[in-house]
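Counting in this note's numbering, the sequence shown runs from 1279 upward without gaps.
Notes to accompany the following structure.
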Amino acid sequence: MKKKKGNLSELMQFAGKHKYLTYSSWVLSVISAALALVPFVYVFFIIKEVIDVAPDFAQATHIVFNGWMAVVFAIASIIVYFGALTCSHLSAFRIAGNMRKKTMKHISELPLGFIGESGSGKVRRIVNESSRATETFLAHQLPDMAGAIATPIGMIIMLFLFDWRFGLISLVPVIVGFLCMFKMAGPSMAEDMKKYNSALEDMNNQAVEYVRGVPVVKTFGQTVHSFKKFQGSIDSYYKFCVSYCKKCRAPMLWFTMLINSAFAFLIALALILAGGQAIAQSVLLNFIFYVIFTPIITTALTKVMYMSENGMIVADALERIHSILDLNPLTEVEKSERMQDNSVEFENVSFRYSNAQTDALKGVSFRVGAGETVAFVGPSGGGKTTVAGLISRFWDAREGAVKIGGVNVKNIKHEDLMNYISYVFQDSRLLKTSILENVRLGNPRASDSEVLDALHKAQCDDIVAKLPDGINTVIGTKGVYLSGGEQQRIAIARVMLKNAPIIVLDEATAYADPENEALVQKAFAQLSKDKTVIMIAHRLTTVKSADKIFVLKNGEIEDSGTHEQLVENGLLYAKMWKDYQTSISWKVSAKNAKAEMQGGVK
Ligand code: ADP
């Protein structure tokens, strides 16, 4: 079995050749902690001199020198600490940067469907926030930790050097405080930390969903309470935080009280040592020294207390990073096998989403000849989008083979496959750049006139004409708004420019207005000329003229044929067609009724 590595050695793997920076920061931090103790010794000398010469204070001639020495060592400690932080920051930024780069590179090699499945919000959080958590740990917490460990050791030596009785008594609250802390930060805390992060992540994801649903919330006058999942995630986060705080209350109280109460123990001991008499000068000297010295125990221990918690935050961050890094990337061949033509074929393909209980596709087989146009129809959830995703290799089939031109997509280089297939998504996302650049993404070498030609063929002339700077208008700037249909037409222009022989069209489920719909259909028709087209039809408007229609239901092909054949056989498609026509005639009669009413009013 592979031994699980410690968090630190895992982090150090991301440091590359710059590990020495981290180690230097520790050494400097330890030196700084040791230097920080020296001023206390000089303070002791000052107190000693004052007590020795009392009441003739004029004899205390070394006070100024000792005072300055204390200041010099304090400043030296700060300077060395700065050095430690500089090293630690340099290494922390490098490690977090490398971690981000490595994760992003890995994500780019993962199946495209991974982002869709995991949710982009979650992936962003893992990449950004997990690496940031390690940044704080490495830049501040680790060097502080080195110092915090060195301080008690130095302190213990000093405590026993001056008066072992006072030394021992001031350690009592420290030890008891530690025991309280251990009770709080024991093994169950790692579990609690995990629960806390999961609850937070769940709430974040649900919040994103909620914000996405704002139009629905507004239109239907809903409130946050109707978003059961979101409300549930807030409630469970709240419950967890409250119960966790309650759990920590008593140990935290005792810990804070104890580590701040060393002076009370010292007073008690001083009184006992005095035994009701006037306190001896030497005892008094040590007593005053310890009263001044012990508060740094508090500072050091507070840092130590957060050590275990920070370690857990980093362990959790690393686990999340590994949840990405451990995913298998798509296999990639060195050289693509030669494709014979532009056909697409599924051979007994089964597929299941990683988080699903049942197969989304079950033994699906079909063939689309080169240059044919086929449509996939069927009830929602039937598997249409999954078919489209498998052709573009967003995922790999669990069983069976997806073939392009007779070659399994696994034996086609990713780059070649992407050049061979264009996917028009339902919600075409345009980038926040000019229309020209958005379209040119389809073929970075295309000239301006080629871009214009593609825009013209994709029926975008009216869009370009209405925009203030024509094709140089930046999408997403103030006052520039494109409707869903307009965005899709621009996306079609991009695909047109790419000019791939196979086109996968995921038809939008709804358009804002019929005019836009007609233009999009026209653009689709231009795009589909002489190409192999696989159309995911969520409505039946466009499928009638397809060479073949496949009816997908529950992940299986129920039926296939031309429109006429399918209408004739009276099965699922015929029923869908009938429903569709009824809905059209409703629309028509509603229109007529409206026209009649308007006529009557006139
Ligand atoms: P369609 O496009 O026909 O509406 P899909 O291909 O989107 O159908 O979905 C097929 C099945 O796979 C459905 O049961 C759906 O719930 C499931 N599914 C789709 N996407 C995912 C996903 N990312 N994770 C888990 N299950 C999914």
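Note that CB positions come from ideal geometry on N, CA and C, so glycine has one too.
{"query": "With a threshold of 16 other CB atoms inside 10 Å of the CB of Tyr1298, please say whether the residue is buried or exposed.", "result": "exposed"}
{"query": "Is it a yes or a no for the region 1699–1709 touching the region 1653–1672, going by three-plus beta-carbon pairs under 8 Å?", "result": "yes"}
{"query": "Hey, is Asn1633 close to the ligand ADP, as in C-beta under 7 Å from one of its heavy atoms?", "result": "yes"}
{"query": "Taking the beta carbon of Ile1222 as the centre, do at least 16 other beta carbons fall within 10 Å, making it buried, or is it exposed?", "result": "Given that the chain is displayed from residue 1279 to residue 1880, the structure contains no residue 1222 and the question cannot be resolved."}
{"query": "Assign Phe1335 to buried or exposed, taking buried as 16 or more other Cβ atoms, counted over all protein chains shown, within 10 Å of its Cβ.", "result": "exposed"}
{"query": "Any heavy atom of the ligand ADP closer than 7 Å to the CB of Ser1398?", "result": "no"}
{"query": "Is Tyr1759 helix, strand or coil when you go by DSSP?", "result": "coil"}
{"query": "Using the C-alpha atoms, what's the distance from Leu1579 back to Lys1517?", "result": "30 Å"}
{"query": "Taking 8 Å as the cut-off, does the region 1455–1462 touch the region 1540–1555 (at least 3 CB pairs, one atom from each stretch)?", "result": "no"}
{"query": "Is it buried or exposed, Ile1385, if we count other Cβ atoms within 10 angstroms and call 16 or more buried?", "result": "buried"}
{"query": "In the structure shown, what three-state DSSP assignment does Phe1672 receive?", "result": "coil"}
{"query": "Please report the straight-line C-alpha distance between Trp1673 and Asp1637, rounded to a whole angstrom.", "result": "14 Å"}
{"query": "Given the structure, does Thr1651 come close to the ligand ADP, in the sense that its CB is under 7 Å from one of the ligand's heavy atoms?", "result": "no"}
{"query": "Run the CB neighbour count on Met1382, radius 10 Å, all protein chains shown included, and call it buried at 16 or more, exposed below.", "result": "exposed"}
{"query": "Compute the minimum distance between the beta carbon of Lys1472 and the heavy atoms of the ligand ADP, and state whether it is under 7 Å.", "result": "no"}
{"query": "Whole angstroms are fine: how far does the CA of Gly1647 sit from the CA of Ile1682?", "result": "10 Å"}
{"query": "Where does Tyr1701 sit, in a helix, a strand or coil, going by DSSP?", "result": "strand"}
{"query": "Taking 7 Å as the cut-off, is the C-beta of Ala1638 nearer than that to any heavy atom in the ligand ADP?", "result": "yes"}
{"query": "Say the cut is 7 Å; is the CB of Thr1664 nearer than that to a heavy atom of the ligand ADP?", "result": "yes"}
{"query": "Alpha carbons only, please: which of Val1321, Ile1329 and Gln1337 is nearest the one belonging to Gly1345?", "result": "Val1321"}
{"query": "Scan the region 1375–1407 and note each continuous beta strand (DSSP E) run of 3 residues or more that stays entirely inside, going in chain order.", "result": "none"}
{"query": "Does the distance between the C-beta of Gly1661 and the nearest non-hydrogen atom of the ligand ADP fall short of 7 Å?", "result": "yes"}
{"query": "Report the CB separation of Lys1640 from Gly1833 in whole angstroms; it is logged as a contact under 8 Å.", "result": "5 Å"}
{"query": "With burial defined as no fewer than 16 other Cβ atoms inside 10 Å of the residue's Cβ, what is the status of Leu1549: buried or exposed?", "result": "exposed"}
{"query": "At a cut-off of 7 Å, would you count Ser1658 as near the ligand ADP, judging by its Cβ distance to the nearest heavy atom?", "result": "yes"}
{"query": "Does the distance from the C-beta atom of Ala1679 to that of Glu1610 stay below 8 Å?", "result": "no"}
{"query": "Taking C-beta to C-beta, are Ser1355 and Arg1378 nearer than 8 Å?", "result": "no"}
{"query": "Name the two residues that bound the continuous beta strand (DSSP E) containing Arg1645.", "result": "Leu1639 to Val1646"}
{"query": "Label Glu1221 either buried or exposed according to how many other C-beta atoms from any shown protein chain fall within 10 Å of its C-beta, with 16 as the threshold for buried.", "result": "In the structure as shown, the chain begins at 1279 and stops at 1880. Residue 1221 is therefore absent and cannot be evaluated."}
{"query": "What residues match up with Leu1708 in a beta bridge as DSSP calls it?", "result": "Per DSSP, none; premise fails for Leu1708."}
{"query": "Measuring alpha carbon to alpha carbon, tell me which of Asn1620, Ile1599 and Gln1804 ends up nearest Ala1411.", "result": "Ile1599"}
{"query": "According to DSSP, is Gly1720 part of a helix, a strand, or is it coil?", "result": "coil"}
{"query": "Less than 8 Å between the CB atoms is what I'm expecting for Lys1831 and Pro1657, so what's the real figure, rounded?", "result": "6 Å"}
{"query": "Mapping the DSSP letters down to three states, classify Ile1690 as helix, strand or coil.", "result": "coil"}
{"query": "Rounded to whole angstroms, what is the Cα-Cα separation between Leu1286 and Ala1424?", "result": "13 Å"}
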